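Peer 1: Starting off with a structure, shown below.
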Amino acid sequence: MKIILPVAGKGTRLRPHTHTKAKSLVHVAGKTVLEHIISRLMILGADEFIFITDENGKQIEDFMAAKFPALNCSYTVQKERLGPAHAVALAAPRIAEGDDVLVVFNDTIFVTDLEQIPSLCAESDGLIYSKEVEDYQRFGVNVVRGGYIVDMVEKPDTPISRLAQVGLYYLKDGRRFMGYLEATIAAGDKVKGEYYLPSVFMRMIQDGLKFRAPEIDAWLDCGKPETLLETNRYLLRGRHHVHGEVLNTVLIEPVHVEKGAIVRGSILGPNVSVAAGSVVEESIIKDSIINANSKVRDLILHSSILGDSVTLIGSPRRMNIGDHSLIEMEG
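Residue numbers (the UniProt record's numbering): 1 to 331.
Spelled out as structure tokens, the structure:
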């Protein structure tokens with residue numbers, strides 16, 4: 001198996017955290033988004049991890065070499081921003097006859113049993129993983145009849161289907177898939193100036209290929225600050241890990257403090273992750289992500305994300321308040 005990971009893209013919805021780093025290297029629940037994804041893929045024993053990168057590709061390469069040195073990885077730069085299908089097509093030179101392919105987009109951390117791929121795909125040509133959602137108008141959805149996908153609709157006005165595509169795709173015949181990608185691009189089949197995978201899959205379906213739409217257990221969006229915090233809460237659920245130095249501090253589970261982080265005289269939690277190299281002192285923090293090498297002192301924070309090497313220092317207040325007072329200090 002070859003695994004294709006398109007990690008290009010500006011990550012504009014996550015700014016300012018993606019001004020200086022690849023969006024997949026943002027931390028959540030004690031790991032980068034990319035580390036969460038790769039860890040879930042290890043069970044497949046893939047022959048090669050093919051990264052489609054942009055100008056931040058060296059960051060991805062350095063990260064993989066440090067965290068997963070044993071994996072066989074290759075890197076191709078997407079020089080033109082022509083959409084997701086174009087990015088995946090750049091992997092074609094790495095796909096040989098007989099290769100099956102898994103395509104994994106990096107805005108999402110998925111929860112599903114990938115070992116079931118052979119049984120799920122026994123009588124089909126591929127899998128387009130899905131998740132039932134209430135706000136179907138926001139997504140491309142799969143329309144399923146008789147167990148197979150018969151249509152795909154982008155952001156439907158009516159609930160023709162609630163099975164949203166989650167950015168995880170398995171193709172039994174990788175070379176044939178690459179051929180359909182190339183045919184779609186050659187035909188100029190664009191949407192708003194870019195090439196998208198549903199156009200490719202619909203060509204395949206119209207030619208008689210069969211796709212199933214297995215539903216994943218959880219779809220954890222990491223594309224926006226608010227959804228990144230939701231994902232942090234989900235991943236920390238039932239996981240209370242303190243590997244760093246914690247002194248004179250109250251921890252309200254769940255909290256994740258990485259090795260190399262220091263917390264002193266504070267109250268942390270619930271749902272707080274603190275990355276290595278960071279120092280938190282005399283602060284109260286809940287529902288927040290503190291990235292690497294940051295310093296926080298004398299602050300009350302909630303629903304916050306701090307990037308790498310941030311220094312955020314508040315000041316203690318001195319008050320002389322009489323009886324029956326009401327003081328509200330909005331944060």
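Idealized CB from N, CA, C, for every residue including glycine.
All of these numbers come straight from a predicted model, not from anything done at the bench.
Should Ala186 be labelled buried (16 or more other beta-carbon atoms within 10 Å of its own) or exposed?
Peer 2: Exposed, by the Cβ-count rule.
Peer 1: Excluding sequence positions up to five away, which residues of its chain have a Cβ less than 8 Å from the Cβ of Gln59?
Peer 2: These residues qualify, in order along the chain: Lys21, Ala22 and Leu25.
Peer 1: Between which two residues does the beta strand (DSSP E) containing Asn142 stretch?
Peer 2: Where Asn142 is concerned, the enclosing beta strand (DSSP E) stretches over Gly140 to Arg145.
Peer 1: Among all the DSSP beta bridges, which residues are the ones paired with Tyr148?
Peer 2: In DSSP, Tyr148 forms a bridge with Arg145.
Peer 1: With 16 as the cutoff for other CB atoms within 10 Å, does Ala122 come out buried or exposed?
Peer 2: Answer is exposed; the Cβ neighbour count stays below 16.
Peer 1: Opposite His241 in the DSSP bridges: which residues?
Peer 2: BP columns for His241 point to His256.
Peer 1: Could you give the first and the last residue of the continuous alpha helix (DSSP H) run that contains Leu197?
Peer 2: Start and end: Leu197 to Gln206.
Peer 1: Count the C-beta pairs between the segment 147 to 160 and the segment 64 to 77 that are closer than 8 Å, then say yes if the count reaches three, no if not.
Peer 2: Touching, no, given that fewer than three Cβ pairs across the two stretches are closer than 8 Å.
Peer 1: When you compare each of Gly57, Val103, Thr53 and Arg138 to Tyr129 by their alpha carbons, which one comes out closest?
Peer 2: Minimum Cα distance to Tyr129 is reached at Val103.
Peer 1: Tell me Pro6's beta-bridge partners as DSSP assigns them.
Peer 2: Looking at the DSSP assignment, Pro6 forms a beta bridge with Ile52.
Peer 1: Considering just the uninterrupted stretch of the alpha helix (DSSP H) at Glu226, what are its terminal residues?
Peer 2: Run containing Glu226: Pro225 to Leu236, per the alpha helix (DSSP H) assignment.
Peer 1: Expressed to the nearest angstrom, what Euclidean distance is found between the alpha-carbon atoms of Arg212 and Gly126?
Peer 2: Those two C-alpha atoms are separated by around 7 Å.
Peer 1: Please work out which residues of its chain come closer than 7 Å, Cβ to Cβ, to Ser303, disregarding the five sequence neighbours upstream and downstream, and give them in chain order.
Peer 2: Only Leu229, Asp287 and Ser288 meet the Cβ criterion.
Peer 1: When you compare only the Cα positions, how much space is there between Gly307 and Ser294?
Peer 2: If I take the Cα positions, the gap works out to 7 Å.
Peer 1: Among the residues of its own chain, which have a CB less than 7 Å from the CB of Arg237, if the five just before and after it don't count?
Peer 2: The residues are Pro254.
Peer 1: By a C-beta neighbour count over all protein chains shown, 10 Å radius and 16 as the cutoff for buried, is Thr32 buried or exposed?
Peer 2: Buried: at least 16 other Cβ atoms inside 10 Å.
Peer 1: Give me, in chain order, the residues of the same chain whose beta-carbon lies closer than 8 Å to that of Glu182; leave out the 5 immediate sequence neighbours on both sides.
Peer 2: Here the set comprises Ala89 and Ala92.
Peer 1: List in chain order: all unbroken beta strand (DSSP E) runs of 3+ residues lying wholly within the segment 257 to 310.
Peer 2: Taking only runs of at least 3 residues, the beta strand (DSSP E) segments lying wholly in the segment 257 to 310 are 262 to 264, 272 to 274, 279 to 281, 284 to 286, 288 to 290, 295 to 297 and 300 to 302.
Peer 1: Alpha carbon to alpha carbon, how far is Asp173 from Thr53? Give it in angstroms, no decimals.
Peer 2: Roughly 24 Å separates the two Cα atoms.
Peer 1: What residue range does the alpha helix (DSSP H) around Ile117 cover?
Peer 2: Where Ile117 is concerned, the enclosing alpha helix (DSSP H) stretches over Ile117 to Leu120.
Peer 1: For Ile38, I'd like the list of residues in its chain whose CB is within less than 7 Å of its CB, leaving aside the five on either flank, ordered along the chain.
Peer 2: Once the five neighbours on either side are set aside, the close Cβ partners of Ile38 are Phe68.
Peer 1: For the beta strand (DSSP E) that Val166 lies in, which residues bound it at each end?
Peer 2: Leu163 to Leu171 is the span of the beta strand (DSSP E), which, as asked, contains Val166.
Peer 1: Locate the alpha helix (DSSP H) running through Ser39, then write down its first and last residues.
Peer 2: Where Ser39 is concerned, the enclosing alpha helix (DSSP H) stretches over Val33 to Leu41.
Peer 1: Taking the alpha-carbon positions, what's the Phe201 to Val150 distance?
Peer 2: Computed Cα separation, rounded: 10 Å.
Peer 1: Smallest Cα separation from Gly260: which of Asp298, Ile284 and Ala292?
Peer 2: Taking only the C-alpha atoms, the option nearest Gly260 is Ala292.
Peer 1: In terms of residue numbering, what span does the alpha helix (DSSP H) encompassing Ile128 cover?
Peer 2: No alpha helix (DSSP H) contains Ile128, which is instead part of the beta strand (DSSP E) from Gly126 to Glu132.
Peer 1: Assign Ile43 to one of two classes, buried (16 or more other C-beta atoms within 10 Å of its C-beta) or exposed (fewer than that).
Peer 2: So Ile43 ends up on the exposed side.
Peer 1: With a threshold of 8 Å, are at least 3 pairs of Cβ atoms found where one atom belongs to the segment 98 to 114 and the other to the segment 161 to 170?
Peer 2: The segment 98 to 114, when compared against the segment 161 to 170, does touch it at the 8 Å Cβ threshold.
Peer 1: How is the beta strand (DSSP E) around residue 334 delimited, first residue to last?
Peer 2: Beyond the ends of the chain as shown, which are 1 and 331, falls residue 334; an answer cannot be given.
Peer 1: Would you check if the distance between the CB atom of Gly244 and the CB atom of Glu258 is smaller than 7 Å?
Peer 2: Yes, these two residues count as a Cβ contact at 7 Å.
Peer 1: Please identify the residue among Leu114, Asp207 and Ala46 whose C-alpha is closest to the C-alpha of Gly179.
Peer 2: Measuring from the Cα of Gly179, the nearest candidate turns out to be Asp207.
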